[in-house]
Amino acid sequence: MTLTMKSVFHFLSSRPMAAAFLASMAMIPAKARAADKPVSEFTAEENQKLGWKVVDDGVMGGLSKGNLAFSEDGILRFSGELSLENNGGFSSLRTGDLALDLAGSEGLVIRVKGDGRTYQMRVGTDARYRGMEVSFMAGFATKKGEWTEVRVPFGSFVGSWRGTMLKDEVFNPAKISRLGLLLGDKKAGPFAMEVDWIRAYSANSANVVDQALADGRFKTLAAALTAADLVGVLQGDGPFTVFAPTDEAFAKLPEGTVENLLKPENKAQLQAILKFHVVPGAVKLAKALEAGEAATVEGGKLAISFSDGKVLVGKSAILNADIGCANGVIHVIDAVLLPPAPAKEAVANDLIGVAKRAGNFKTLLAAVEAAALAPVLAGEGPFTILAPTDEAFAKLPEGTVGTLLKPENLAQLQAILKYHVFAGKVTAGDALNAKSGTTLNGSKVAFAIKDGVLRANDATIRTTDIQCDNGIIHVIDAVLLPLAPEAGAKGEKTASMEPAERIEAAISRGVPIFNHGDHAQCADIYKTCLEILANDEKVDSEVRKTLGKVLERAKGIEDARDRAWQLRKGLDYAYHAVAG
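Using our numbering, you'd call the opening residue of the sequence shown number 3 and step up by one each time.
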């Protein structure tokens with residue numbers, strides 16, 4: 003894999019310029035450090051000496067307009083209007099010629115109050131391209147209306163010449179010949195930025211991120227930290243111990259790996275990998291070797307050992323150790339550490355979990371999910387399921403399953419599925435001895451041995467008594483379809499049923515459904531029965547009038563549980579009236 007500085011820069015510059023190369027320089031509380039070396043404090047005498055001036059895109063035909071002003075209390079103000087017309091789009095400030103030696107420093111820190119846009123620090127050195135000055139650039143973000151200090155490590159500066167990135171040009175802080183500030187974020191409109199001062203900071207004041215950037219070997223790591231939104235964390239108080247893979251370490255990964263991890267959709271995976279390189283606390287090498295392992299922020303552990311003259315972290319060798327920072331320690335490593343793959347989530351041993359593991363109940367499970375019955379069947383139970391296989395569902399007429407899975411057919415799907423479920427644990431022996439059982443649907447399923455095989459209605463029970471934590475599964479080779487509501491247990495029309503028999507059937511169907519929480523369906527069963535009774539001439543006219551009033555009262559009860567109880571009272575009244 004070849005990951006060049008140019009490809010990393012292209013990734014960052016494709017984001018909002020808040021990340022234009024390594025806007026990883028997070029905001030630091032506005033407090034000067036003793037180790038900071040003044041570069042520009044914007045005093046009147048210094049401003050005249052440095053010779054700050056405006057350079058707009060007008061030099062290339064653009065129409066942007068920048069303004070420069072200094073306040074009496076030493077504040078530089080850079081404001082104006084950015085225009086994208088005539089191929090323009092930048093406005094800048096730059097000093098005259100300098101001879102600035104910052105070889106003992108690690109980067110620049112600028113105290114700035116901006117407009118929320120991302121600006122660039124521009125620095126010229128003795129580097130030349132085709133005989134002309136190379137401009138080294140690094141982006142820094144501002145906060146609208148807030149004073150912040152932003153660190154720009156020397157390691158983040160990238161050479162450029164007339165828009166071309168020069169990846170091989172080396173930034174030499176000992177030969178600084180020009181300083182500049184530039185806005186070129188391709189956003190037309192007004193801009194305004196104030197700068198209190200620019201200073202150089204040294205290594206002993208750098209946090210782990212700034213120290214790594216200043217080193218120059220961690221551009222890929224910096225790009226990854228930016229994409230993962232972890233820069234601000236590692237620039238915090240800490241302390242942290244970072245096992246920092248070099249650019250060469252990232253280059254050892256399979257081709258395309260880094261580019262793929264930098265994509266926004268893979269942010270969580272990238273964060274996990276980076277956190278696997280971070281250990282809480284400042285852990286020096288000797289202490290790490292003594293412990294033999296270290297727990298990472300990701301949650302996993304790193305084995306630390308000594309082998310063949312090398313200190314190993316996992317399978318990665320430590321190249322440099324104990325690089326001290328203001329908020330922790332850096333150990334440089336030669337390979338990227340990859341956290342172990344997470345253990346596969348254990349599937350529960352309830353009815354749903356066992357069906358999932360079996361692998362041949364995908365259609366049944368999809369139907370259970372669509373019918374909102376999964377929580378019930380994964381609950382305490384116990385239940386017994388007659389489970390049709392995928393092949394059993396495939397025997398239904400074409401399009402049947404798809405139609406049942408539609409939201410408008412929810413009630414029908416629930417009725418069919420409940421016709422396959424019994425309350426309690428019912429073994430094959432229990433079922434055969436009972437000869438039939440009442441399902442959650444309220445209807446009965448017949449059990450018998452026919453032609454030497456155990457059957458549930460007309461379906462063959464292929465496998466029996468699969469034990470689960472909350473019930474039993476019996477595998478069947480056909481889907482059971484309940485009789486239509488108007489049909490009785492033997493298929494005769496309910497019109498031929500006597501009133502008392504009709505009431506008994508309704509209660510027999512409704513009670514298990516109510517007890518398993520489907521109060522609305524239970525209420526519908528009771529309501530249908532009462533409506534038939536209220537129009538049945540076999541029932542006394544006064545009783546029918548009373549039942550009509552019960553039905554009217556039930557219409558005004560919104561709660562399904564209360565409505566079911568109201569209708570049940572009507573059935574009890576009717577039963578006592580017709581049964582004598």
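Built from N, CA and C at the ideal position, the CB exists for glycine as well. Since we're looking at a predicted model, the values are computed, not measured.
So residue i is in the alpha helix (DSSP H); what residue range does that whole segment cover?
i       : result
Thr-259 : 259-263
Phe-252 : 249-253
Trp-567 : 562-581
Pro-377 : 376-379
Asp-231 : That residue, Asp-231, is in no alpha helix (DSSP H); it is neither H nor E in DSSP.
Arg-555 : 543-557
Leu-215 : 210-217
Lys-364 : 364-372
Comparing alpha-carbon positions, which option in the options lies nearest residue i?
i       : options                            : result
Glu-667 : Val-477, Val-299, Phe-252, Val-152 : The structure shown does not extend to residue 667, since the chain is modelled only from 3 to 582, so the question has no answer here.
Ile-178 : Thr-243, Val-160, Leu-100          : Leu-100
Asp-453 : Val-447, Ile-463, Gly-444, Leu-398 : Ile-463
Glu-250 : Arg-504, Ala-270, Gly-238, Arg-219 : Arg-219
Gly-63  : Asn-411, Leu-407, Ser-81, Ser-93   : Ser-93
Ile-2   : Ala-425, Asn-209, Leu-340, Leu-379 : Residue numbering for the chain in the displayed model covers 3 to 582; residue 2 lies beyond these limits and cannot be assessed.
Ile-468 : Asn-351, Lys-67, Asn-329           : Asn-351
Thr-530 : Val-545, Gly-519, Ala-566          : Ala-566
Asn-262 : Ala-225, Lys-289, Pro-247, Glu-295 : Ala-225
Ala-576 : Arg-180, Glu-544, Val-423, Glu-257 : Glu-544
Leu-483 : Glu-500, Pro-40, Ala-448           : Ala-448
Val-285 : Thr-243, Ser-318, Ile-306, Glu-506 : Thr-243
Phe-44  : Phe-72, Leu-65, Gly-68             : Phe-72
Arg-164 : Val-136, Gln-523, Asp-187, Leu-181 : Val-136
Glu-300 : Ser-307, Ala-343, Val-313, Cys-327 : Ala-343
Under DSSP, the beta strand (DSSP E) around residue i begins and ends at which residues?
i       : result
Glu-533 : No beta strand (DSSP E) contains Glu-533, which is instead part of the alpha helix (DSSP H) from 521-536.
Gly-330 : 330-335
Gly-95  : Residue identity check: residue 95 is Leu in the sequence provided, not Gly. Per DSSP, Leu-95 belongs to the beta strand (DSSP E) from 93-96.
Lys-51  : No beta strand (DSSP E) contains Lys-51, which is instead part of the alpha helix (DSSP H) from 46-52.
Met-167 : 166-168
Ala-461 : 461-470
Pro-390 : 385-390
Asp-479 : No beta strand (DSSP E) contains Asp-479, which DSSP labels as neither H nor E.
Gly-90  : Where Gly-90 is concerned, there is no enclosing beta strand (DSSP E), given that its DSSP letter is neither H nor E.
Phe-449 : 446-452
Val-57  : 55-58
Gly-161 : 160-163
Val-455 : 455-458
Leu-100 : Run containing Leu-100: none; DSSP gives neither H nor E here.
Gly-182 : 180-185
Just grab the DSSP bridge partners of residue i for me.
i       : result
Tyr-203 : Gly-109
Glu-83  : Lys-67, Pro-192
Thr-120 : Ala-143
Tyr-131 : Met-134
Ile-320 : Ile-335
Pro-155 : Gly-109
Ile-354 : Per DSSP, none; premise fails for Ile-354.
Val-197 : Leu-78, Val-114
Gly-439 : Val-447
Pro-40  : Arg-201
Thr-243 : Val-281, Val-331
Cβ of residue i within 7 Å of any heavy atom in the ligand COA?
i       : result
Asn-517 : Absence of the ligand COA from the depicted structure is noted, as is the absence of any ligand whatsoever, leaving it without description.
query = Would you call the segment 208-223 and the segment 125-132 touching, i.e. three or more CB-CB distances under 8 Å?
reply = no
request  = For the segment 130-142 and the segment 225-240, state whether three or more C-beta atom pairs, one from each stretch, are separated by less than 8 Å.
outcome  = no
request  = Check whether the segment 103-114 touches the segment 147-157, counting contact only when three or more Cβ pairs, one atom from each stretch, lie closer than 8 Å.
outcome  = yes
request  = Report the residue ranges of all beta strand (DSSP E) runs contained in full by the segment 397-437; include only those spanning at least 3 residues, in chain order.
outcome  = 423-425
inquiry  = Any contact between the segment 351-367 and the segment 265-280? By contact I mean 3 or more CB pairs, one from each, below 8 Å.
reply    = The segment 265-280 and the segment 351-367 do not touch, with fewer than three beta-carbon pairs separated by less than 8 Å.
message = Please give me, in chain order, every unbroken run of the alpha helix (DSSP H) with length at least 4 that falls completely inside the segment 275-318.
response = The segment 275-318 is shown to contain whole alpha helix (DSSP H) runs of 4 or more residues at 287-293, in chain order.
inquiry  = Is it the case that the segment 82-89 contacts the segment 50-69, given that we only count it when at least three CB pairs across the two stretches are under 8 Å?
reply    = yes
request  = Evaluate contact between the segment 376-389 and the segment 351-361, counting only Cβ atoms and requiring at least three cross-stretch pairs below 8 Å.
outcome  = The segment 376-389 is in contact with the segment 351-361.
inquiry  = Quick check: the segment 502-512 against the segment 427-444, are at least 3 beta-carbon pairs closer than 8 Å?
reply    = yes
query = Between the segment 423-435 and the segment 529-546, are three or more C-beta pairs nearer than 8 Å?
reply = Output reads no: the segment 529-546 does not touch the segment 423-435.
request  = Could you tell me whether the segment 73-84 touches the segment 188-204, where touching means 3 or more Cβ pairs closer than 8 Å?
outcome  = yes
query = How about the segment 259-268 and the segment 233-247: do they share at least three Cβ pairs that are nearer than 8 Å?
reply = no
task = Could you tell me whether the segment 370-385 touches the segment 411-418, where touching means 3 or more Cβ pairs closer than 8 Å?
result = Yes: the two stretches touch, three or more of their Cβ pairs being nearer than 8 Å.
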